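Scroll down for the structure; my scribbles are underneath it.
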Amino acid sequence: MAHVSKRTIDYYTNLGILKAERSQSNYRYYDETAFETLQFIEKCKEMHMPLCEIKERIEEKKKLLGINEHVSKQVNEVTDHIHRLEAELTELKPLLDELTDSQREKISKSLSGQTTALIQTLILLL
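The sequence shown: position 92 = 92 (the UniProt record's numbering), numbered continuously.
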């Protein structure tokens with residue numbers, strides 16, 4: 001547990017450094033994230049960091065978490081799209097097997113430019 005007084009927790013809450021949830025009976029309660037934030041505040045205070053700087057760091061961390069969630073969501077969407085494309089290719093394979101060599105070569109040439117662009121984009125992203 002955090003070894004800080006109720007008054008200190010109230011002070012941090014009033015400054016906007018800690019976030020409290022409200023119960024139906026209007027009691028404040030703090031979740032695990034608030035507890036971790038409180039531990040972070042205490043560590044920063046041990047290093048004599050002013051509260052305004054601690055607050056800035058907490059806000060930056062929240063922004064980064066939001067960005068990470070957004071990027072993670074986009075990666076999941078792209079992964080899902082790739083899986084759908086793979087399924088479509090699996091369906092097309094029997095049709096491709098029936099093509100003549102010249103038809104395959106023509107399709108291959110048209111896809112090679114797109115494939116190269118896609119690979120380069122993926123390399124840049126990774």
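Think of the CB as a built atom: it goes at the ideal place given N, C-alpha and C, for glycine as much as any other residue. No experiment lies behind these values; they were computed from the predicted model shown.
The beta carbons of I17 and K61 sit no closer together than 7 Å. Taking C-beta separations shorter than 8 Å and ignoring five residues to either side along the sequence, Q120 has no partners in its chain. Take the alpha-carbon of Y27 and the one of E42: they are about 24 Å apart. Bounds of the alpha helix (DSSP H) holding I9 are 6–15. In this structure, DSSP gives E98 a state outside helix and strand, which the three-state scheme calls coil. Taking 7 Å as the cut-off, the Cβ atoms of Y30 and S23 do not count as close.
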